[in-house]
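Trainee: Starting off with a structure, shown below.
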Amino acid sequence: MSSVRRRTVLGAAAAASALAGLPTAASAAPSTSSTPTAVTPRALPGGGDLGPNVIVFDPSTAGIQARLDQIFAQQETAQFGTGRYQLLFKPGTYSGLNAQLGFYTSISGLGLSPDDTTINGDITVDAGWFNGNATQNFWRSAENLALVPVSGTNRWAVAQAAPFRRMHVRGSLNLSPNGYGWASGGYIADSRIDGQVQPYSQQQWYTRDSAIGSWLNGVWNMVFSGVQGAPAQGFPNPVYTTLATTPVSREKPFLYLNGTEYRVFLPEKRTNASGVTWGNGTPRGTSLSLSQFYVAKPGVTAATLNQALTQGLHLLLTPGIYHLDQPIQVNRANTVVLGLGYATLVPDNGVTALKTADVDGVRLAGFLIDAGTVNSNTLLEVGPSGTTTDHSANPTTVQDVFVRIGGAGAGKATTSMVINNRHTIVDHTWLWRADHGTGIGWDTNRADYGLVVNGADVLATGLFVEHFNKYDVQWNGERGRTIFFQNEKAYDAPNQAAIQNGSIKGYAAYKVGDNVTVHEGWGLGSYCYYNVAPTIVQHNGFAAPNRSGVKFHDLLVVSLGGQGQYERVINETGSPTSGTSTIPSTVVSYP
């Protein structure tokens, strides 16, 4: 069930409020010398409480449903609000619960296995707040739980930035809203669904390293890698792109309880993976005590976060909004930066929110970067420019790290995410130049590029990039690979001239650099909805060197209701989109 328009513009929403920075604790010993004594920052402690917006339940907790309902009532429509919540369930069995998830709400179990924490009930995402349209059900997540749905089927009607990770559904999973309205998600990883996954109206979806009983249908673009029980390859009819394994994967770090001690589990890297990591006994990997993390609270300064990193601590970002006047700088190999409840980083003065050094094994996971009002050249940089170090044995992973420019207020950034380090794995991201909310407009929330990849041997699994003013993805590194890509070109281009790329009509959604000799992609889609200037013509969705080593499988472009058109799918290949039909134009193999 395709939509004429995937999203409806909302009215103005409340912008995120500023949180004042707190000073770094420091001590200064008295001095009898006339020479000033250097002030040494007091060592920051590791561990500590998780703050007021991390709510922890155990099976004996009274009033769980009432608390869940209270948070949902606050967050259901708060698309650009400031509330952030992490719901944690200690191991055990819970019955009669329906955890409805609104914006910026994450729900997780605290066992080593999903089956350690069982909810006889549902974790529900629906779209009643938006008249049955699920295309704006962003920024929420479920992780590390077992579900026994009351009706036998759990409803998870989400859009972008709403991962379903490390879940065991002892029943079926419905990905559409009540009434089968528009839906445009989504992402599943390291999960087992015993019954049937039922997308119904979902336009596209990516499932990785999981096991399912069966899969019901597809609209435009359903992609599977390493999924036991996945439907057979069939694109474009049926719309399935199926890889038997995922080339390289390493699951997201997660918080768990070892007795009464909080720890963070770090799953190990897998190659040519298939199925879940947790099916047979203790998962493979290592763990860190919470005492090895600086537990950050909203209001802390970037200087304090960097002091913690310099001390050798990892970062656990508790739910809230963090304003930064300098980049968070990750210089140590194997550092973990883990966010809870959509912890949000906001660079206030045009800085980059976070940078990593040319080191092994950094894990960035579970946070949102919101562009500030002063233009940032970049918002996230993995590695310095020009690096060629081999990180294949222990790559950096970027997982459930999301970027937003505008929507919650005016924001600008020339480039959202830059990947310079070799072998980096970008596993599920949504980079979004906002098309609704506040602070939006062709130049108001200007953002030319979404993802720029300069490093070699980078792998993207589950790549969602939308609405950028120029290239949504610019891939310059050699031997890059992408499994699943979802894109919309910017809605708000004022005219043909505004998107003109030299002699070319429009910037491709996904551009492989002219000098690249080896690249490969599977299951990539681009849509246009030029509602401001419906006569705009976009030459193609994909552009790449015409070389034997540059290969694409299962590509599509779609004009949503005829608001703008594509002339080709990739380079000069593929039929133009056809009027107002909203029927994809496809290319099965290129070249």
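Using the numbering used here, the first residue of the sequence shown is number 1376, and each one after it goes up by one.
Positions of the beta carbon are idealized from the N, C-alpha and C atoms, including for glycine.
Along the chain, which unbroken stretches of the beta strand (DSSP E) at least 3 residues long are found entirely within the stretch 1620-1659?
Mentor: Those beta strand (DSSP E) runs which fall completely within the stretch 1620-1659 and span 3+ residues are 1621-1625, 1629-1633, 1636-1642 and 1644-1648.
Trainee: Would you identify the three-state DSSP class for N1681, choosing helix, strand or coil?
Mentor: For the purposes of this step, residue 1681 is identified with residue 306 of the sequence shown, where counting begins at 1. Correct three-state label for N1681: helix.
Trainee: Looking only at its chain, what residues have a beta carbon closer than 6 Å to the beta carbon of V1933, apart from the 5 residues adjacent to it on each side?
Mentor: Sequence index remark: in the sequence shown, residue 1933 carries index 558 (1-based). Excluding positions up to five away in sequence, the list reads Y1902 and P1959.
Trainee: Go ahead and pull the three-state DSSP assignment for G1503.
Mentor: For this step, residue 1503 is matched to residue 128 along the sequence shown. Three-state DSSP puts G1503 in a helix.
Trainee: Given a threshold of 16 other Cβ atoms within 10 Å of its Cβ, counted over all protein chains shown, does A1521 qualify as buried or as exposed?
Mentor: On the sequence shown, position 146 is the one that residue 1521 refers to. Buried: at least 16 other Cβ atoms inside 10 Å.
Trainee: Report yes if the C-beta distance between A1974 and L1754 is below 8 Å; otherwise report no.
Mentor: The shown model of the chain, from 1376 to 1966, leaves out residue 1974, and the question about it has no answer.
Trainee: Thinking C-beta only, is W1590 closer than 8 Å to A1607?
Mentor: Position 232 of the sequence shown, counting from 1, holds the residue named residue 1607. Position 215 of the sequence shown, counting from 1, holds the residue named residue 1590. No, the pair does not count as a contact, with Cβ atoms beyond the cut-off.
Trainee: Please tell me whether A1537 and N1506 are closer than 8 Å, where the distance is taken between their beta carbons.
Mentor: Locating residue 1537 in the sequence shown gives position 162, where the first residue counts as 1. Locating residue 1506 in the sequence shown gives position 131, where the first residue counts as 1. No; because the gap between Cβ atoms is not below 8 Å, this pair is not in contact.
Trainee: At which residue ranges does the stretch 1425-1468 contain complete beta strand (DSSP E) runs of 3 or more residues, listed in the order of the chain?
Mentor: With a minimum length of 3 residues, the continuous beta strand (DSSP E) runs that stay inside the stretch 1425-1468 are 1429-1432 and 1460-1464.
Trainee: Return the chain-ordered list of same chain residues with a C-beta closer than 7 Å to the C-beta of N1870, the five sequence neighbours on each side being excluded.
Mentor: As a first step, residue 1870 is located in the sequence shown; it is residue number 495 there, counting from the start. Cβ within range, chain order: A1908.
Trainee: Could you pull out every unbroken beta strand (DSSP E) segment of at least 3 residues lying fully inside the stretch 1752-1832, listed in chain order?
Mentor: Qualifying beta strand (DSSP E) stretches, in chain order: 1772-1780, 1788-1794, 1800-1808 and 1824-1828.
Trainee: Please tell me whether Q1704 and N1681 are closer than 8 Å, where the distance is taken between their beta carbons.
Mentor: To locate residue 1704, count along the sequence shown from 1; it is residue 329. To locate residue 1681, count along the sequence shown from 1; it is residue 306. It is a contact, given that the beta carbons lie within the stated cut-off.
Trainee: Look at the Cβ atom of V1963, then the Cβ atom of V1925, and state whether they are nearer than 8 Å.
Mentor: As a first step, residue 1963 is located in the sequence shown; it is residue number 588 there, counting from the start. As a first step, residue 1925 is located in the sequence shown; it is residue number 550 there, counting from the start. The answer is no: Cβ separation not under 8 Å.
Trainee: Which whole-angstrom value is the C-beta distance of P1434 and G1471, which I expect to be below 8 Å?
Mentor: In the sequence shown, counting from the first residue as 1, residue 1434 sits at position 59. In the sequence shown, counting from the first residue as 1, residue 1471 sits at position 96. Contact doesn't hold; Cβ gap of about 12 Å is too wide.
Trainee: From A1788 to T1748, what distance separates their C-alpha atoms?
Mentor: Here residue 1788 corresponds to residue number 413 of the sequence shown, with the count starting at 1. Here residue 1748 corresponds to residue number 373 of the sequence shown, with the count starting at 1. In a straight line, the C-alpha of A1788 is about 9 Å away from that of T1748.
Trainee: Check whether the Cβ atoms of A1534 and G1561 lie closer than 8 Å to each other.
Mentor: If you number the sequence shown from 1, residue 1534 lands on position 159. If you number the sequence shown from 1, residue 1561 lands on position 186. Yes, these two residues count as a Cβ contact at 8 Å.
Trainee: With H, G and I counted as helix, E and B as strand and the rest as coil, what does DSSP make of A1967?
Mentor: Summary: the structure shown does not reach residue 1967, with the chain confined to residues 1376 through 1966, and so no result is reported for it.
Trainee: Using a 10 Å radius around the Cβ and a threshold of 16 neighbouring Cβ atoms, would you call G1852 buried or exposed?
Mentor: What you label residue 1852 is simply residue 477 of the sequence shown in a count that begins at 1. Buried, by the Cβ-count rule.
Trainee: So who's on the other strand from E1895, going by DSSP bridges?
Mentor: Counted from its first residue, the sequence shown places residue 1895 at position 520. Looking at the DSSP assignment, E1895 forms a beta bridge with R1856 and K1926.
Trainee: Could you name the residues of the same chain whose beta carbon sits closer than 6 Å to that of G1896, not counting the 5 residues immediately before and after it, in chain order?
Mentor: To locate residue 1896, count along the sequence shown from 1; it is residue 521. T1857 and F1927, listed in sequence order.
Trainee: Counting Cβ pairs closer than 8 Å, one from the stretch 1837-1845 and one from the stretch 1807-1814, do we hit at least three?
Mentor: Cβ pair count under 8 Å is three or more, so yes.
Trainee: On the DSSP bridge assignment, give the partners of L1720 in chain order.
Mentor: Translated into the one-based positions of the sequence shown, residue 1720 becomes position 345. Looking at the DSSP assignment, L1720 forms a beta bridge with Y1697 and I1744.
Trainee: N1647: buried (16+ other C-beta within 10 angstroms of its C-beta) or exposed?
Mentor: Your numbering for residue 1647 matches position 272 in the sequence shown. Its Cβ having fewer than 16 others within 10 Å, N1647 is exposed.
Trainee: Could you tell me which residues DSSP pairs with R1417 in its beta bridges?
Mentor: Taking the first residue of the sequence shown as position 1, residue 1417 is located at position 42. In DSSP, R1417 forms no bridge with anything.
Trainee: Buried or exposed, going by whether 16 or more other CB atoms sit within 10 Å of the CB of G1438?
Mentor: Counted from its first residue, the sequence shown places residue 1438 at position 63. Burial call: exposed.
Trainee: Tell me which same chain residues have a C-beta within less than 6 Å of the C-beta of S1624, skipping the five on either side of it?
Mentor: Counted from its first residue, the sequence shown places residue 1624 at position 249. Excluding residues within five positions, the ones whose Cβ falls inside 6 Å are D1584, R1645 and A1648.
Trainee: By Cβ distance, which residues of its chain are closer than 6 Å to V1773, with the 5 residues on each side in sequence left out?
Mentor: For the purposes of this step, residue 1773 is identified with residue 398 of the sequence shown, where counting begins at 1. Excluding residues within five positions, the ones whose Cβ falls inside 6 Å are L1739 and V1801.
Trainee: Could you check if R1779 is buried or exposed, using at least 16 other CB atoms within 10 Å of its CB as the buried criterion?
Mentor: For the purposes of this step, residue 1779 is identified with residue 404 of the sequence shown, where counting begins at 1. By the 10 Å Cβ count, R1779 comes out buried.
Trainee: In the DSSP output, what is A1521 paired with across the bridge?
Mentor: The residue given as residue 1521 occupies position 146 in the sequence shown. In the DSSP output, where bridge partners are listed per residue, A1521 has T1493 and H1543.
Trainee: Answer with buried or exposed for S1767, where buried requires no fewer than 16 other C-beta atoms within 10 angstroms of its C-beta.
Mentor: On the sequence shown, position 392 is the one that residue 1767 refers to. Classification for S1767: exposed.
Trainee: What do you get for D1929, buried or exposed, if any count of 16 or more other CB atoms within 10 angstroms of its CB means buried?
Mentor: One-based indexing of the sequence shown puts residue 1929 at position 554. D1929 comes out buried.
Trainee: Need the endpoints of the beta strand (DSSP E) that N1529 sits in, please.
Mentor: If you number the sequence shown from 1, residue 1529 lands on position 154. First-last of the beta strand (DSSP E) with N1529: T1528 to R1530.
Trainee: Can you list, in chain order, the residues of its chain with a C-beta nearer than 6 Å to that of G1949? Leave out the 5 residues immediately preceding and following it.
Mentor: As a working note, residue 1949 is residue 574 in the sequence shown. Only R1943, S1960 and V1962 meet the Cβ criterion.
Trainee: Here's the rule I'm using: 16 or more other beta-carbon atoms within 10 Å means buried, otherwise exposed. How should T1957 be labelled?
Mentor: Locating residue 1957 in the sequence shown gives position 582, where the first residue counts as 1. Classification for T1957: buried.
Trainee: Would a C-beta distance cut-off of 8 Å place A1918 and A1883 closer than the cut-off?
Mentor: Position 543 of the sequence shown, counting from 1, holds the residue named residue 1918. Position 508 of the sequence shown, counting from 1, holds the residue named residue 1883. The answer is yes: Cβ separation under 8 Å.
Trainee: So the beta strand (DSSP E) G1609 belongs to, where does it begin and stop?
Mentor: Residue numbering aside, residue 1609 sits at position 234 when the sequence shown is read from its first letter. G1609 -> no beta strand (DSSP E), and no H or E assigned at all.
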